[in-house]
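Numbering (the numbering used here), first residue to last: 11 to 398.
Beta carbons: idealized from backbone N, C-alpha and C, even for Gly.
What follows is a single structure, written as structure tokens, with notes after it.
Written out as structure tokens, the structure reads:
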């Protein structure tokens with residue numbers, strides 16, 4: 011007999027990644043009107059991923075779009091167009107990446123222009139192929155057009171920083187396409203952060219940071235769409251449920267990073283870092299806005315200043331700024347923890363630990379504080395070049 015307590019557990023439990031490649035019939039009923047189109051896209055996507063290297067954990071890369079569709083279904087989404095879009099959300103971007111590698115196209119301005127042109131050609135060809143299929147199978151052509159519109163909104167052009175690409179979703183005029191794109195993006199990020207072991211060491215924090223930017227903006231979007239008084243992050247609407255589960259998956263990912271850092275032998279100083287963070291939060295409300303590093307500050311709460319700015323520099327490939335910030339915090343830690351005789355690897359673990367600890371707390375704020383968003387870390391806070 012199922013108890014009320016267990017029912018609550020099933021609602022609150024964190025999602026786990028699916029490790030098995032589901033068949034198309036498991037993802038969408040053969041009785042659904044758009045199943046022929048879904049089947050067609052399933053086969054195309056599966057064939058494409060045969061050209062993509064296996065994931066770092068050894069899994070078939072096709073497992074990713076499969077998980078995106080599964081996550082959409084877990085959220086209660088039954089819209090067949092959204093499920094099709096989830097299946098092919100990376101399709102064009104993967105083809106562009108393969109083309110860039112095969113043709114040795116550089117990332118300078120000329121190379122970006124070439125890739126933009128190629129991407130446009132792919133989008134047109136993809137739409138024509140789906141249109142022709144819909145006509146042949148007597149399906150509504152508008153379904154193909156909507157799927158392409160969603161995937162186009164989710165496809166990042168090589169010339170654009172990540173922020174600008176994500177901002178395009180939140181400023182898109184068609185609210186139905188926007189909502190479906192956000193649902194797919196959240197389902198996508200859930201699987202990415204749940205498979206944090208698939209990324210290299212710097213890529214793990216980078217992946218979580220990008221997800222935090224999305225979550226921060228989705229939270230603001232939900233507030234604007236529903237109003238704070240109607241915001242139920244326990245999951246009434248599919249997009250709320252996806253936001254909830256993406257927050258929890260990202261929190262889990264940061265916990266994984268903390269565990270990896272502790273394995274470097276820094277356990278003795280973790281409580282000091284925790285309390286320094288509490289001082290940062292309670293005395294200067296540092297979790298509510300993007301902060302700058304005060305190099306005159308000697309208390310370790312200074313380590314929690316400028317974290318967003320640091321990962322922003324990495325995201326924008328502003329290597330000089332990034333190196334300067336990393337050197338500043340490394341030098342501080344080396345002096346502050348001199349009695350611990352930490353080697354360079356351990357000092358780096360201290361820095362990664364405090365970053366993961368702070369950012370996971372921001373995720374918790376987004377999840378459980380109806381008023382909380384990180385100001386200055388929103389799409390409408392970007393400058394003309396799409397930078398923080």
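Hey, could you find the ends of the alpha helix (DSSP H) residue i is sitting in?
i, result
"residue 266", "248-272"
"residue 143", "119-146"
"residue 32", "No alpha helix (DSSP H) contains residue 32, which DSSP labels as neither H nor E."
"residue 162", "151-164"
"residue 217", "211-236"
"residue 324", "317-325"
"residue 72", "Here residue 72 belongs to no alpha helix (DSSP H), and DSSP marks it neither H nor E."
"residue 189", "185-204"
"residue 176", "172-180"
"residue 281", "277-294"
"residue 25", "Element bounds for residue 25: n/a, residue is neither H nor E."
"residue 375", "354-378"
"residue 334", "329-346"
"residue 99", "From DSSP, residue 99 is part of no alpha helix (DSSP H); its letter is neither H nor E."
"residue 46", "45-59"
Is it true that the CB of residue j sits closer than 8 Å to the CB of residue i?
i, j, result
"residue 364", "residue 292", "no"
"residue 78", "residue 198", "yes"
"residue 151", "residue 132", "no"
"residue 25", "residue 84", "yes"
"residue 346", "residue 380", "no"
"residue 29", "residue 69", "yes"
"residue 140", "residue 154", "yes"
"residue 91", "residue 35", "no"
"residue 398", "residue 300", "yes"
"residue 264", "residue 232", "no"
"residue 332", "residue 344", "no"
"residue 95", "residue 161", "yes"
"residue 103", "residue 58", "no"
"residue 317", "residue 387", "no"
"residue 129", "residue 181", "no"
"residue 121", "residue 115", "yes"
"residue 290", "residue 367", "no"
"residue 143", "residue 19", "no"
"residue 110", "residue 125", "yes"
Based on the DSSP output, what are the partners of residue i in its beta bridges?
i, result
"residue 299", "385"
To the nearest whole angstrom, what separates the beta carbons of residue i and residue j, a pair I think is in contact under 8 Å?
i, j, result
"residue 81", "residue 200", "5 Å"
"residue 298", "residue 385", "6 Å"
"residue 218", "residue 369", "7 Å"
"residue 228", "residue 196", "7 Å"
"residue 175", "residue 392", "Wrong, their Cβ atoms sit about 11 Å apart, outside the cutoff."
"residue 204", "residue 27", "5 Å"
Can at least three beta-carbon pairs, one atom from the stretch 280-287 and one from the stretch 203-223, be found at a separation below 8 Å? no
Inspect the CB distances between the stretch 92-110 and the stretch 55-75 and report whether three or more fall short of 8 Å. Touching, yes.
At least three beta-carbon pairs within less than 8 Å, the stretch 252-271 to the stretch 369-383: yes
Tell me whether the stretch 32-49 and the stretch 205-214 touch, counting them as touching only if at least three CB pairs, one residue from each stretch, are closer than 8 Å. These segments do not touch.
Does the stretch 267-278 come close enough to the stretch 355-363 to have 3 or more Cβ pairs within less than 8 Å? yes
Three Cβ pairs or more, each shorter than 8 Å: is that satisfied between the stretch 332-341 and the stretch 180-199? A contact is defined here as three or more CB-CB pairs under 8 Å, and the stretch 332-341 fails this definition with respect to the stretch 180-199.
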